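Engineer: Residue numbers (my numbering): 1404 to 1701.
Right, dumping it as structure tokens:
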């Protein structure tokens, strides 16, 4: 029983990460209407920029670790948001309005550029953060076996859950959320009613980039590093994860992604680990095909 509880506890931080990533992706997908692995690339890029500037501040400027982490986080936000805004304004917006299917090809090119930029800046070195906030909080004590989570896991979970909650509140309770919904339903009709669909596109893409950036920073804080190939892996994974709850509602997409994280964690605990990614990706593809088929039938 205690082992099961520990696995469910381990699933909580991963569920929060998947939920936040799926929420942000659904916000961007609402205006692009195309698969876009750029989102995962921005997620990985923010973590890599965090590592680069944290190492610079810690080793070159001799800052204490909290100050170095703050410098790295600020640099990651600045660089990733700038990249997201430039991509949205200069690449995605023109392509979506003129040749939507080329978004997929352009996203692959953007991902390669971001990955290679970070790799070259780091001289192809794997940079690791020193462990911090690794003290444990005990939730259940069953003799020698304790159900625990670390402080960094709890902080990451709380912040990612806050991102989803604030985003859902904005979409459901504010005028911008209603305008975003109008543009996602019918951009031309929204334009005829006086709304700038292009402006909504850019704001939505920037908001999604901000969510990806925050998730990249928090994930790097927890895991300690960010691989150069993570952009492709997370780009594909987020694209499929968001489909679990459906792309039409970011909150539903987040809920479906959280459920998938629980399944992935339990498979890793009880099933053959070597088959985990194959099973999860197969399940994601199956759910995506089923959701598309239901949409065609309707």
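In this text, a Cβ means the ideal position worked out from N, Cα and C, and glycines have one as well. As the structure is a computational prediction, the values presented were derived from the model and not from experiment.
Sorted by chain position, which residues of the same chain lie with C-beta nearer than 8 Å to residue 1582's C-beta, five sequence neighbours on each side aside?
Structural biologist: Correct list, in chain order: 1593, 1598 and 1603.
Engineer: Could you tell me the distance, in whole angstroms, from the CA atom of residue 1433 to the CA atom of residue 1426?
Structural biologist: Taking the straight line from one Cα to the other gives about 11 Å.
Engineer: Nearest-angstrom Cα distance between residue 1505 and residue 1551?
Structural biologist: If you take the alpha carbons of residue 1505 and residue 1551, they lie about 47 Å apart.
Engineer: Can we say the region 1493-1500 touches the region 1456-1466, given the rule of at least three CB pairs closer than 8 Å?
Structural biologist: Because the criterion of three Cβ pairs below 8 Å is not met, the region 1493-1500 and the region 1456-1466 do not touch.
Engineer: Just the Cα atoms here: how many angstroms apart are residue 1410 and residue 1661?
Structural biologist: Cα to Cα, the separation comes out at about 14 Å.
Engineer: When the Cα of residue 1606 is compared with those of 1482, 1529, 1659 and 1487, which residue comes out closest?
Structural biologist: Comparing Cα positions, the closest option is 1487.
Engineer: Do you know offhand how far residue 1415's Cα is from residue 1665's?
Structural biologist: C-alpha separation (whole angstroms): 8 Å.
Engineer: Between residue 1641 and residue 1423, is the Cβ-Cβ spacing less than 7 Å?
Structural biologist: No; because the gap between Cβ atoms is not below 7 Å, this pair is not in contact.
Engineer: From this set, 1536, 1448, 1532 and 1480, which residue's C-alpha is nearest residue 1559's C-alpha?
Structural biologist: Closest option to residue 1559, Cα to Cα, is 1536.
Engineer: Taking the alpha-carbon positions, what's the residue 1421 to residue 1646 distance?
Structural biologist: Going from the Cα of residue 1421 to the Cα of residue 1646 covers about 12 Å.
Engineer: On the three-state DSSP scale, how would you describe residue 1436?
Structural biologist: Coil at residue 1436, not helix or strand.
Engineer: Would you kindly work out how many angstroms separate the C-alpha atoms of residue 1405 and residue 1500, rounded to a whole number?
Structural biologist: Their backbone Cα atoms lie some 54 Å apart in a straight line.
Engineer: Return yes when the C-beta of residue 1574 is under 6 Å from any heavy atom of the ligand NAD, and no when it is not.
Structural biologist: Questions concerning the ligand NAD fall outside what the structure shown contains, since it holds no ligand whatsoever.
Engineer: Grab me the residues of residue 1549's own chain with a C-beta within less than 6 Å of its C-beta, minus the 5 sequence neighbours each way, in chain order.
Structural biologist: Cβ neighbours of residue 1549 beyond the five flanking positions: 1541.
Engineer: How is residue 1698 classed by DSSP in three states: helix, strand or coil?
Structural biologist: Low per-residue confidence applies at residue 1698: pLDDT is 48, beneath 50, and the placement is therefore not dependable, though the value from the model is reported in the following sentence. Residue 1698: helix per DSSP, three-state reduction.
Engineer: For the candidate residues 1474, 1654 and 1686, whose alpha-carbon lies nearest to that of residue 1573?
Structural biologist: Measuring from the Cα of residue 1573, the nearest candidate turns out to be 1654.
Engineer: When burial is assigned at 16 or more other CB atoms within 10 Å of the CB, is residue 1632 buried or exposed?
Structural biologist: That one is exposed.
Engineer: Determine contact between the region 1434-1441 and the region 1670-1681, defined as no fewer than three beta-carbon pairs at a distance below 8 Å.
Structural biologist: These segments do not touch.
Engineer: Around the Cβ of residue 1449, are there at least 16 other Cβ atoms within 10 angstroms (buried) or fewer (exposed)?
Structural biologist: Classification of residue 1449: buried, given that the 10 Å Cβ count is 16 or more.
Engineer: At what residues does the alpha helix (DSSP H) containing residue 1506 begin and finish?
Structural biologist: 1505-1524 is the span of the alpha helix (DSSP H), which, as asked, contains residue 1506.
Engineer: Hey, residue 1627 and residue 1447: beta-carbon distance below 7 Å or not?
Structural biologist: Contact flag unset, no.
Engineer: Could you tell me which uninterrupted alpha helix (DSSP H) segments, each at least 4 residues in length, are contained entirely in the region 1597-1652, listed from first to last along the chain?
Structural biologist: Counting only runs of 4 or more, we get 1600-1626 and 1633-1647.
Engineer: I need the boundaries of the beta strand (DSSP E) containing residue 1548, first residue and last residue.
Structural biologist: Run containing residue 1548: 1548-1553, per the beta strand (DSSP E) assignment.
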